[in-house]
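Chains as they are written, first to last, in the working numbering: chain W, 827 to 1121; chain S, 661 to 1127. Notes to accompany the following structure.
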């Protein structure tokens, strides 16, 4: 299921958590880890100049620069590269989200792993507003795993998966991915629906009726196909809080959610506020699924 | 007659030579070789005699040196109004002297011409509107660039740019396979959100053949997807050619005449092969100039027209909005002060000023559109036209040139600038990077998609969450 993992990294510490998880998965599941680094963002029309993704400085990418970046990456991830059987470094220039998607497509990746934030000062944002993650999560054919907090990456393999559903169409794909992962890796699975009552004052009977309805809906919507290690929960509250709480309670090592934003303007389309908040707060990797292809 | 390995009179014709030149970081060796490049005066004079037509001869003769063109030139305005930046001086001291001396000029003179032709003129043609005799220095500078290119005096990036066109028939290393693959990719990436979306390749007898700028498939294929989405929603019967899709012409900026002709013939042969009713180009100014305005003449077409009606993207968009093929949701119209950058190449040079304003009348809430001053055919160049944007050696001069556009934008008070031209879009992006005036800039396609009133049958079924 995880044969090819595409790790998108700038080589900066903000992506170390993602790298740790990607390589660890590579080691545990025998996957090939493709380390993608988008060295520079093109600027200045047709000129050969790019802005280095780390320093923002204008550079011209030639063989020497390429070799230097490759060396840097090899040094940064030296031990991890040694720990896996198959890995490869891919260097390119372009707009990060587009090149990540291009590499995932070209290599038929099963999973993209990346950090959640390149920081505000990053040249990623220069002239091309919107977060790389949001654009990747929206268009990727395969699931996208995000590791934001350093603590989310100290993880010893998957044992407990929380799948949070909002009953959207994309959540069906996310469910398939969660179930297939749980089955293949023999983990526990919790299906959670967080009933959104934020900002509302509801009658308690109504809340309880809705919880019952949601439980029923989970049972009918999601066919476990004989998978036993699964339980269903519906918690009311502010969705991202409930999802993070559930993950903590179950000591989850993976949260799976659906991504679905049709908003084109990246300034408005934060990744979907629930997803974004979960990524920022979760103590484990978060996988976003938006397409049915690679689940 | 020393010619360099990289800097010489021969255009880049092979991938090997292209890569060799590209590997010369920043053109270091190239520019060193330029210092020793000899001028072939006989060839230069022969070329002038063979190609300089009566219009240019007359213009050089009748210039009264009155200086009325001075204020018309934005480069004169932003560079301290020094006499050296007066358009008539710029052309008389370069092409004028070259002709007077019958081509007997030296390396230093040619280098001075090179800097003048590429860093002191963007070929925006504004001066031609203000000269009492109608002398267009921009046209003459385009001609001078051709003479300089034939002698090897051309900025490194443009030698490469023209070489790209010769080797890949595109301004960047995008092959036919890359292009076709990108179209398939973009259709696939958007098919869920836009059910039925296709990017038909090499469809014969379609109503529309669409051409674009190689930077789109190379760096922002979203633009190709956006074009597809708008054609799809408008219900157009359209196609893209697998060959002849690249509409731009860095060779025009470089002065590589032979390559210019090859570029445009490549596009026209796609038209002849696929027989569309008409062709539509992307939101690019110089691409339109190269294929629609000047191209027919390069191709030797007697009627001065492309093989089928060939319109700019803004013309199609205005038509689609006017006829109701595309409908705007009034609630989603732009409700903030917004200004428009008129592209020299299709506004001043082709008169499409009203078309863009018609589009704005549909997509901007009344009262929010603010004209730049001056505007329409009197608008100034973005500051990066004619190849200026991409030349590293003249970056400081280019950045200075952006100041005029900055002043114009600041005077509008707008934070959003619509720039339906790749070159203008780049220049305004760089302007923000350089001067940080807090603006946003956009092509028309993404703005229009964001405010479409999409017919029910084109929307994805089972929309999102139901909570």
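C-beta: ideal position from N, C-alpha, C; glycine also. Fair warning: this is a prediction, and the values are worked out from it, not measured in the lab.
Would you verify that the beta carbon of residue i is, or is not, closer than 9 angstroms to some beta carbon of chain S?
i                       : result
residue 947 of chain W  : In this prediction, residue 947 of chain W scores a pLDDT of 43, lower than 50, which makes its location untrustworthy; the coordinate-derived value is nonetheless stated afterwards. Chain S, which has no Cβ nearer than 9 angstroms to the Cβ of residue 947 of chain W, makes this no.
residue 1082 of chain W : no
residue 1029 of chain W : no
residue 920 of chain W  : yes
residue 875 of chain W  : yes
residue 889 of chain W  : yes
residue 931 of chain W  : yes
residue 830 of chain W  : no
residue 1041 of chain W : no
residue 870 of chain W  : yes
residue 965 of chain W  : yes
Under 9 angstroms between C-beta atoms, does residue i make it to chain W?
i                       : result
residue 1089 of chain S : yes
residue 779 of chain S  : no
residue 1055 of chain S : yes
residue 855 of chain S  : no
residue 881 of chain S  : yes
residue 1063 of chain S : no
residue 686 of chain S  : yes
residue 1086 of chain S : yes
Kindly indicate which residue of the options has the alpha-carbon position closest to the one of residue i.
i                       : options                     : result
residue 939 of chain W  : W:1107, W:1080, W:1118      : W:1080
residue 712 of chain S  : S:948, S:673, S:807, S:1063 : S:807
residue 876 of chain S  : S:682, S:757, S:830, S:727  : S:830
residue 976 of chain S  : S:813, S:895, S:967, S:912  : S:895
residue 1093 of chain S : S:1063, S:777, S:703        : S:1063
residue 841 of chain S  : S:1052, S:902, S:962        : S:902
residue 848 of chain W  : W:972, W:988, W:1057, W:967 : W:972
residue 1038 of chain S : S:1004, S:947, S:809, S:945 : S:1004
For residue i, is the classification buried or exposed, using 16 other Cβ atoms within 10 angstroms of its Cβ as the cut-off for buried?
i                       : result
residue 868 of chain S  : buried
residue 1133 of chain W : Absent from the structure is residue 1133 of chain W, since the part of chain W shown begins at 827 and ends at 1121.
residue 670 of chain S  : exposed
residue 964 of chain W  : buried
residue 709 of chain S  : exposed
residue 923 of chain W  : buried
residue 1098 of chain S : exposed
residue 726 of chain S  : exposed
residue 950 of chain W  : Model confidence at residue 950 of chain W stands at a pLDDT of 42, short of 50, so the residue's coordinates are unreliable; what they give is reported in the following sentence. So residue 950 of chain W counts as buried.
residue 789 of chain S  : exposed
residue 665 of chain S  : exposed
residue 912 of chain W  : exposed
Where does residue i fall in DSSP's three states?
i                       : result
residue 887 of chain W  : coil
residue 988 of chain W  : strand
residue 759 of chain S  : helix
residue 865 of chain W  : strand
residue 828 of chain W  : coil
residue 1100 of chain S : strand
residue 1104 of chain W : helix
residue 1027 of chain W : coil
residue 878 of chain W  : strand
residue 971 of chain W  : strand
residue 793 of chain S  : coil
residue 997 of chain W  : helix
residue 787 of chain S  : helix
residue 663 of chain S  : coil
residue 814 of chain S  : coil
residue 1083 of chain W : strand
residue 1029 of chain S : strand
residue 1004 of chain S : helix
residue 1099 of chain W : helix
residue 844 of chain W  : helix
residue 821 of chain S  : helix
residue 1035 of chain W : helix
residue 781 of chain S  : coil
residue 674 of chain S  : coil
residue 1020 of chain W : strand
Got a sec: does the ligand SAM put a non-hydrogen atom nearer than 8 angstroms to the Cβ of residue i?
i                       : result
residue 1051 of chain S : Only the bare structure without any ligand can be found here, which leaves the ligand SAM out of the picture.
Quick one: complete beta strand (DSSP E) runs, 3+ long, within the stretch 829-897 of chain S?
868-871
Please give me, in chain order, every unbroken run of the beta strand (DSSP E) with length at least 3 that falls completely inside the stretch 894-958 of chain S.
938-941
Please give me, in chain order, every unbroken run of the beta strand (DSSP E) with length at least 3 that falls completely inside the stretch 896-952 of chain W.
913-919, 937-940
Counting only runs that start and end within the stretch 685-713 of chain S, where is the alpha helix (DSSP H) found for 4 or more residues in a row?
688-695, 701-711
Runs of 4 residues minimum, wholly inside the stretch 726-779 of chain S: which ones carry the alpha helix (DSSP H) assignment?
734-738, 747-751, 757-760, 767-779
In chain order, which continuous runs of the alpha helix (DSSP H) of length 4 or greater are located wholly inside the stretch 951-1002 of chain S?
955-958, 973-982
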